[in-house]
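Below is one structure, written out as C-alpha cells; comments come after it.
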Amino acid sequence: MRFNSRELVQVAQQSANVEKEGVLYMKEKQDGIFKSREVYIDRFFRLKGNLLFYFKNKETKLEPLGVLVIERCTVELDLEEEASNSFVIVCEGEDNPFKFAAVSEEERDSWIQALHMASYECLKMQLQSLREQVQAKTGRDPVTMPDSSPSGLDLDVQTDNFRSKTKNTASEDPVLEISLSCSDLPCDSQGTPPNSLVVVHIIVPQQQQLWVHHNHTEIADKNNNPLFLKTIGFGDANGVDTSTRVRLTVYNVKERMTGTMAQLGQAIFTLQDVLMASDMSLTLSMQSHDIKSKGKITVMAWINDNKVSLQDLQEASSSSHPDAPAIEHPPREHRTLSSAHVRESLRVHFDNVIKRSFRFATNKESVSLQVHEYMAEFQHSFNIPEQLLRIWIDEEKQKNSLLQDLGELDPDGNAATKQARELSLSAINLYSHRWQQLSPRRGTSFKRSVEKDRAELEFVPVNLHLQRMAVSTDSRSSQGVIYDLITMGAPTAFNKKYKNGGLRRMLQQQHTSHTAESTLGPRTKLQRTCSLRNEATDLRVSIIKKCEGLPEIAQTGSGENLQAAMSSLSKKVTELVSLCKDSVLCSAAEMYVQAKRQSNVDGQDVAASLRNISTHSSSQSQQNTHRWSGSSFVKSPTTEPWEVTWLNLEAAVMCLMSQVEALTSHGSDPDPGDWREALGEGVAKLQTSVDIVSAKISLFLTFLTIMENKDNIQKMHEIKYRRDIVNSHAISALIAGVCAMLGHERFTSPRMMKQLLHCGLLVEVEGLLSCYGDEMGMIEDMAVGVEDLGFVRLQFSRAENEDDRDPVITMGSHIKDGAYPDFNRHTLDVQIPVQGELFDRLPEEIQRSHHIRVCPSLFNIGINEDATYAETRFGSTALQERINAENVARLYSYYEEVASLHQDTDEHAGGAESISNLLKLLRANVAAKKSKNVEVLHLAAEICERLGGVRITSCKSGKDRTSMGVTLEMIQILQRHHDLAPHVFTQALDCIRSVGCRRENTHKNTGVRKYAFNRFQMLYIPKLYRAPGGTYGNIIT
4 MRFNSRELVQ
14 VAQQSANVEK
24 EGVLYMKEKQ
34 DGIFKSREVY
44 IDRFFRLKGN
54 LLFYFKNKET
64 KLEPLGVLVI
74 ERCTVELDLE
84 EEASNSFVIV
94 CEGEDNPFKF
104 AAVSEEERDS
114 WIQALHMASY
124 ECLKMQLQSL
134 REQVQAKTGR
144 DPVTMPDSSP
154 SGLDLDVQTD
164 NFRSKTKNTA
174 SEDPVLEISL
184 SCSDLPCDSQ
194 GTPPNSLVVV
204 HIIVPQQQQL
214 WVHHNHTEIA
224 DKNNNPLFLK
234 TIGFGDANGV
244 DTSTRVRLTV
254 YNVKERMTGT
264 MAQLGQAIFT
274 LQDVLMASDM
284 SLTLSMQSHD
294 IKSKGKITVM
304 AWINDNKVSL
314 QDLQEASSSS
324 HPDAPAIEHP
334 PREHRTLSSA
344 HVRESLRVHF
354 DNVIKRSFRF
364 ATNKESVSLQ
374 VHEYMAEFQH
384 SFNIPEQLLR
394 IWIDEEKQKN
404 SLLQDLGELD
414 PDGNAATKQA
424 RELSLSAINL
434 YSHRWQQLSP
444 RRGTSFKRSV
454 EKDRAELEFV
464 PVNLHLQRMA
474 VSTDSRSSQG
484 VIYDLITMGA
494 PTAFNKKYKN
504 GGLRRMLQQQ
514 HTSHTAESTL
524 GPRTKLQRTC
534 SLRNEATDLR
544 VSIIKKCEGL
554 PEIAQTGSGE
564 NLQAAMSSLS
574 KKVTELVSLC
584 KDSVLCSAAE
594 MYVQAKRQSN
604 VDGQDVAASL
614 RNISTHSSSQ
624 SQQNTHRWSG
634 SSFVKSPTTE
644 PWEVTWLNLE
654 AAVMCLMSQV
664 EALTSHGSDP
674 DPGDWREALG
684 EGVAKLQTSV
694 DIVSAKISLF
704 LTFLTIMENK
714 DNIQKMHEIK
724 YRRDIVNSHA
734 ISALIAGVCA
744 MLGHERFTSP
754 RMMKQLLHCG
764 LLVEVEGLLS
774 CYGDEMGMIE
784 DMAVGVEDLG
794 FVRLQFSRAE
804 NEDDRDPVIT
814 MGSHIKDGAY
824 PDFNRHTLDV
834 QIPVQGELFD
844 RLPEEIQRSH
854 HIRVCPSLFN
864 IGINEDATYA
874 ETRFGSTALQ
884 ERINAENVAR
894 LYSYYEEVAS
904 LHQDTDEHAG
914 GAESISNLLK
924 LLRANVAAKK
934 SKNVEVLHLA
944 AEICERLGGV
954 RITSCKSGKD
964 RTSMGVTLEM
974 IQILQRHHDL
984 APHVFTQALD
994 CIRSVGCRRE
1004 NTHKNTGVRK
1014 YAFNRFQMLY
1024 IPKLYRAPGG
1034 TYGNIIT
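The opening residue of the sequence shown carries number 4 in my numbering; numbering runs sequentially from there.
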C-alpha cells in the first residue's frame, strides 16, 4: 500500500481522538548469539481509527516502531495460551498471526472489543443496521453520503446535475447564483496554508435521497482566507427549489494531477436560508469529522433574472413545499444584469453554448464584477465551405470555357492550354467530390483539431469557436458589456504539408518568374493583367447601365438631360478605348494573333470546328466567322484585328452622339416616343461593341496569363488549391466574427455605422505560431489567407423569417489583384440576413445592400519553445518581423481614415490612452528586437477593440496557446475597462484557465481536459501565457 510516513508519524504522535491506548505484550523475534527466538516484549500501543501504532515505551513523542492496519483481519483469543491473557490478530492472506498479551483478563477483553470495532467493515455493518432501523420507522433512507469518495474527485469534470439537460441549457443563466469565501482555515502539519477547494453537493427533499455532486470552485493556492472567483448556479428556465439543501465541503488539495486531497470541514444550508439572510449573505462554521470547528465559510447569493423576485421564489417553493417558512421581511436583493439578450443573440448563429460564471473584486470594495464566459460553435462552419466550393467550381468552368475559346494555337500555346484545361477539369472533379463529402454533414458545426489532416474536411476550419465575455456589476444601473473573440486553428492546408513552405513563399517565388511590366518598378505583367481585367469590368458595367438608362431619359423628352447623359456615356467609352490601347493589353493581343498565325489551320478556330463536325455542310461558310455557342452560331470575337475592334467601339459611340445631337437640335416640341425609337438601334450597336471589346480583353488576358505561367502551370494549380483551402478557413472565421457582432449594442451605433460605410470593417488576427519547422509554413499560409480577406465584401439584408439565418456567398465582379493576383478567382460578396427589428435600426445605405469592405491585419508572435529556437542561430524570425511591420502600416492607414471621418477630440486626442499613442507604441515594439515581445499582440488587440473591429486568435490547433491568449485578453479587458483589482489579476487568470470554458474546448478536441503542454514547454512560455499547475499534460492534438 502507498502511505506518507511523515504524516503517519504526525497522526501517531497526536494524543487527540485516541480510541484506546495502553501497554500490551507483543511477540517479536529476538536475535541471539546462536539463533533467533520469539519472546513477548512490552510495548506501548495507541489505537486511532483503524491504525494500531506501537511505541518502544510510553514516550510517544518519538517515532512509533510500527503500525498495523486493522482491515481484513479478525481478533481472536489465543488458543495455544503461550502467555496468560493473550489474543491474536489474524490478517487475510497471512500465515503468521500477530500475538499479544494483556496484563489482565479485563484489559484483554477491552482491547479485543476496541480492535473489533476499529475496522471499516465493522463500522459499515453498524451503519447499515442503523440505516435499516431508521428507514423502517420513517420510510426514508437517511444515508447522505456522496456516491463516490471525494478523495479521488476528478477536478477536471464540472457537472451541474441540478440543471435540466435540454439543448442550450448551458447557455441559460441560473435563477440564483452564489459566491463562496472561507476564513481561518487551518494549516497542514508543516504549517503550510491549504490549497483550498470547495465541492458542492445538493439534495432536494422528497425528490432525492442521496447527495448529488453539483459543482466545485477553483483551487485557491496557499491561503487561509480564500475568496473563490468561480460562482455556483442554481435553477434554470423552470425555476429553482428554495428548499434545496446544499452541502459545502472544503478540501486541501495536495496533488492536482491525481486529485489527492484531505477534507478540512463542511457546512450545510438550504437556499431558503441564504435568501432570508441579511443582504442575502450567510456565514457558517465548518465542522470536521471530529466535530470541531475548522474555520468559517461565507455564502453570498444574488438573483440573475430581473423578472424574478424573492417573493416569486418563495411562492414557487411554497407550492411544492407548503411547510416552508414564508419570507415576512424580504432582505435587500442582490442582482446582476439578466443576459437573456446574450443567449438569444448567440442562438441565431451559434450552437452548443458552454457557460461559466465568475465574480471578481474591483478597486471599489462595494462593487464586484459579475463575469459570464461563453464558448459556442459556429453553426455555418460546414455550410460556408460548401458555398465556396460551388463558387470555385463555377469559376473553373468559366476558365475552361475561356481556354476553349482560345482555339488552336502554336505548339507552345497548345501544350500550355491543354495542361491548363486538364488541371481545371481535375479541379472541378475534386471540388465536386469534396462538396459531396461535406453535404451529408450539414448541421455539423465543429471540426476537431485531431481531424485537421483529414482530406475530406480540408476546407472546413479547425476548432472554430466564439469566445464571449459578458460583464456587469452589482449595481442596478449596470447595463452590461459584451466582448467577443473568434478562436480557431491556423488557417492553413494541414494535409498538404510544408515541404516547399507556405503560400507566401510559393507566391513570392512565382512572382520572381513573371515578366516585369516595365523597367521602372517591380510590378509584373500578371499584376497589371488583373488590374486591366477589373478596370474593363467596371467600365463595361457602367457603360451598359448608362446605355440602358438613355432610352428612359429620352422618354422624358428633355433634350438637356439627354445631352448630359450622352456626355457622361461618351466619357466612359473614351476611358474604355484608352484602356484598349494599354501596352500590356496590346502586347497580349499581338502575342495571341501571332500564336494563331503559326497554327496549322489558317486562323480557323479548330476547337469550334471539332464541336461542329457533325453539323450540315451548309454552315461551312459560317464556321470561319462564327462559333457554336451550344444552341446557335455567334460571331467569333477573334476574326478581326484588335485595333479594328476598339475603332468600331469609337465609331458606335460617335454615331450615337450624332443621333442625340440631331434629335435635340430641333426647336419644335419633341415626341418622346420617336426619340426612344430613334436611339434604340444606336444603343444596341454600342452595347454589342462593348460586349465584343470585353470578350476580347478577357480572351487576350487569359492567353497572356497562360503564357506567363506556361512553365509553372502545375505549380500554379497547386498554389490555387492550397489558397482555396486557406481562404475557406479564413472566410469562415470572418463571417463568424461578423455574425457575433450583430448581438452588440455598439454595432448599431451611429458612429459605428458611419465607420463601416466609409472605412470598412477592421479585422485583426492574432497568431501565436513560431518561425520554426512546419509552423513557418503555417504562418506563410495564414499571412496570405488574412490578406485575401480584403477581397471579401459584406452586405446585410432583411431576414425573411426567423429561420432565415444562413449567410449567402456570391461571386463578385472583380478578380483578385494586388501583390498576389489570381486571374481565375473573383472577389466574394457575403450577404448576412438580419432580423427585422435590428435591420430597421441600420442606416438606409446599409439597408440598400451597400457593400462594406474588409480591412484585415495580422500580428504574430511565437511563444513556445520553437519560438526560442527560431530566435537563436538555429532559425530566424525575419518572416514574423516583416509581417508585423507590414500590418502596422495597414493599421495606421485604417486609423487615419477613421480619425479623419469622425473628427472628434475624445477618441483621437493626445494622451497616454489615445489610439494614436497606442499605434506609436505598437510601431516601436514591432521595430524592437525583443524576445517573444507579446506586447505587440496586446497593443494590436486593444487598438482593434477600440476601433470596433473583429478579433481572431489562432495557433496551430486553436486549443492550447489560443486558450492562454484569449483568457489573458479577457482579464486585461477587465483590468482596462472595469477596474479589476490588481491583487486578483493572477488569481482571476488562473481561475478562468482552470475552470473556465477553455478546459471544455480541450475536451471537445482531444477527449481530455488538459492543455497540451509539458513542463519543458512551460519553461519557455512567457509567464502570462503559462497554464496553471494540474491543467496541462502530454496530450495528442
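A virtual CB, placed ideally from N, CA and C, is assigned to each residue, including glycine.
* **Unbroken alpha helix (DSSP H) run spanning D408, endpoints** => The residue you call residue 408 lines up with position 405 of the sequence shown. Note, D408: alpha helix (DSSP H), 386–408.
* Could you check the C-alpha separation between A881 and L392 for me, to the nearest Å? => In the sequence shown, counting from the first residue as 1, residue 881 sits at position 878. In the sequence shown, counting from the first residue as 1, residue 392 sits at position 389. Cα to Cα, the separation comes out at about 35 Å.
* To do: For E66, collect the residues of the same chain with a Cβ closer than 7 Å to its Cβ; drop the 5 residues on either side in sequence, then sort them by chain order.
  => Translated into the one-based positions of the sequence shown, residue 66 becomes position 63. Counting only Cβ-Cβ distances below 7 Å, and skipping sequence neighbours, we find V12.
* To do: Go through its chain and collect everything with a Cβ distance to G1036's Cβ below 6 Å, but skip five positions before and after it.
  => Along the sequence shown, one-based indexing puts residue 1036 at 1033. The answer, listed in chain order, is K1013.
* Asked: Whole-angstrom Cβ separation of G492 and S960, contact assumed at under 8 Å?
  -> As a working note, residue 492 is residue 489 in the sequence shown. As a working note, residue 960 is residue 957 in the sequence shown. Confirmed, Cβ separation roughly 5 Å.
* For the alpha helix (DSSP H) that contains D282, what are its first and last residues? -> Within the sequence shown, residue 282 is the residue found at index 279, counting from 1. Taken as a continuous stretch (DSSP letters only), D282 belongs to no alpha helix (DSSP H), as it is neither H nor E.
* Hey, would you say A870 sits closer than 8 Å to F703, going by beta carbons? -> In the sequence shown, residue 870 corresponds to position 867, counting from 1. In the sequence shown, residue 703 corresponds to position 700, counting from 1. Not a contact, by the Cβ cut-off of 8 Å.
* In terms of DSSP beta bridges, what is W305 paired with? -> Here residue 305 corresponds to residue number 302 of the sequence shown, with the count starting at 1. In the DSSP output, where bridge partners are listed per residue, W305 has E180.
* Please report how far the alpha carbon of A265 lies from the alpha carbon of K225, in whole angstroms. => As a first step, residue 265 must be located in the sequence shown, where it is residue number 262. As a first step, residue 225 must be located in the sequence shown, where it is residue number 222. Straight across, the Cα-Cα distance linking A265 with K225 is about 14 Å.
* Asked: Whose C-alpha, out of Q136, S896, L27, is nearest the C-alpha of E109?
  -> Here the question's residue 109 lines up with position 106 in the sequence shown. Nearest Cα to E109 within the set Q136, S896, L27: L27.
* Run the CB neighbour count on T273, radius 10 Å, all protein chains shown included, and call it buried at 16 or more, exposed below. => Within the sequence shown, residue 273 is the residue found at index 270, counting from 1. T273 counts as buried, since no fewer than 16 other beta carbons sit within 10 angstroms of its beta carbon.
* To do: Let me know the secondary structure DSSP gives E29 once reduced to three states.
  => Here residue 29 refers to the residue found at position 26 of the sequence shown. In the sequence as displayed, the identity of residue 29 is Met instead of Glu. In the structure shown, M29 sits in a strand (DSSP, three-state: E or B).
* Asked: Under three-state DSSP, which class holds A822?
  -> Along the sequence shown, one-based indexing puts residue 822 at 819. Coil.
* **Candidates V203, S348, D34, N228: closest to P189 by CA position** => Position 186 of the sequence shown, counted from the start, is the residue given in the question as residue 189. The option with the nearest alpha carbon to P189 is N228.
* **heavy atom of the ligand NAP below 7 Å from V42 C-beta** => For the ligand NAP, the structure offers nothing, since it holds no ligand at all.
* What residue range is occupied by the uninterrupted alpha helix (DSSP H) comprising L742? -> For the purposes of this step, residue 742 is taken as residue 739 along the sequence shown, with counting starting at 1. Note on residue identity: the sequence assigns Cys, not Leu, to residue 742. First-last of the alpha helix (DSSP H) with C742: 716–744.
* Select from A105, K1007, S8, R796 the residue whose C-alpha is nearest the C-alpha of E454. => Here the question's residue 454 lines up with position 451 in the sequence shown. Of the candidates A105, K1007, S8, R796, the one whose C-alpha sits nearest the C-alpha of E454 is K1007.
* Starting from I357, follow the beta strand (DSSP E) in both directions and report where the run begins and ends. => Taking the sequence shown and counting its residues from 1, one reaches residue 357 at position 354. It spans 353–364 - the beta strand (DSSP E) in which I357 sits, taken as one unbroken run.
* To do: Confirm, please, whether the CB-CB distance from Q530 to D354 is below 8 Å.
  => By one-based count along the sequence shown, residue 354 stands at place 351. By one-based count along the sequence shown, residue 530 stands at place 527. Not closer than 8 Å, so no.
* Stretch pair the region 846–858 + the region 921–941: three plus CB contacts closer than 8 Å -> The region 846–858 makes no contact with the region 921–941; the number of CB pairs closer than 8 Å stays below 3.
* To do: Go ahead and pull the three-state DSSP assignment for H854.
  => Position 851 of the sequence shown, counted from the first residue, corresponds to residue 854. Here H854 carries a coil assignment [DSSP, helix/strand/coil].
* To do: For I431, name the three-state secondary structure that DSSP assigns.
  => The residue labelled residue 431 in the question sits at position 428 within the sequence shown. Helix.
* Asked: Counting pairs of Cβ atoms below 8 Å between the region 393–400 and the region 812–829, do you hit three or more?
  -> The region 393–400, when compared against the region 812–829, does touch it at the 8 Å Cβ threshold.
* Where does L797 fall in DSSP's three states? -> Residue 797 sits at position 794 when you count from the first residue of the sequence shown. Correct three-state label for L797: strand.
* Distance, E124 Cα to R134 Cα -> As a working note, residue 134 is residue 131 in the sequence shown. As a working note, residue 124 is residue 121 in the sequence shown. The alpha-carbon atoms of R134 and E124 are separated by roughly 15 Å.
* Specify the secondary structure class of K757 as computed by DSSP and reduced to three states. => Residue numbering aside, residue 757 sits at position 754 when the sequence shown is read from its first letter. K757 sits in a helix when the DSSP states are folded into three classes.
* Taking C-beta to C-beta, are I818 and T420 nearer than 8 Å? -> Your numbering for residue 818 matches position 815 in the sequence shown. Your numbering for residue 420 matches position 417 in the sequence shown. In this structure, T420 does not lie closer than 8 Å to I818 by Cβ.
* To do: Rank L68, F101, D112, N99 by C-alpha distance to the C-alpha of N88 and give the top, closest one.
  => Here the question's residue 88 lines up with position 85 in the sequence shown. The closest CA to that of N88, considering only L68, F101, D112, N99, is found on D112.
* To do: Give the DSSP-derived three-state secondary structure of I115 in the structure shown.
  => The residue you call residue 115 lines up with position 112 of the sequence shown. DSSP places I115 within a helical segment (H, G or I) once states are collapsed to three.
* List the residues that DSSP assigns as beta-bridge partners of R134. => In the sequence shown, counting from the first residue as 1, residue 134 sits at position 131. None, per the DSSP bridge assignment.
* Mind the definition here: the region 980–993 touches the region 921–928 only if three or more C-beta pairs lie below 8 Å; say whether that holds. => Flag = no, the region 980–993 and the region 921–928 do not touch.
* Asked: With 16 other CB atoms within 10 Å as the buried threshold, where does A458 fall?
  -> Taking the sequence shown and counting its residues from 1, the one referred to as residue 458 is at position 455. It counts as exposed.
* **Reduced DSSP category for K257 - H, G, I as helix; E, B as strand; rest coil** => Indexing the sequence shown from 1 puts residue 257 at position 254. K257 falls in the strand class under three-state DSSP.
* **Inter-residue Cα distance where the pair is L213 and I206** => By 1-based counting over the sequence shown, the position of residue 213 is 210. By 1-based counting over the sequence shown, the position of residue 206 is 203. So the alpha carbons of these two residues sit roughly 7 Å apart.
* To do: Measure the CB-CB distance between Y254 and V202 and report whether it falls below 8 Å.
  => Working through the sequence shown from its first residue, we reach residue 254 at position 251. Working through the sequence shown from its first residue, we reach residue 202 at position 199. Taking 8 Å as the Cβ cut-off, Y254 and V202 qualify as a contacting pair.
* **Where the alpha helix (DSSP H) through D784 begins and ends** => By 1-based counting over the sequence shown, the position of residue 784 is 781. Segment 777–790, the alpha helix (DSSP H) holding D784.
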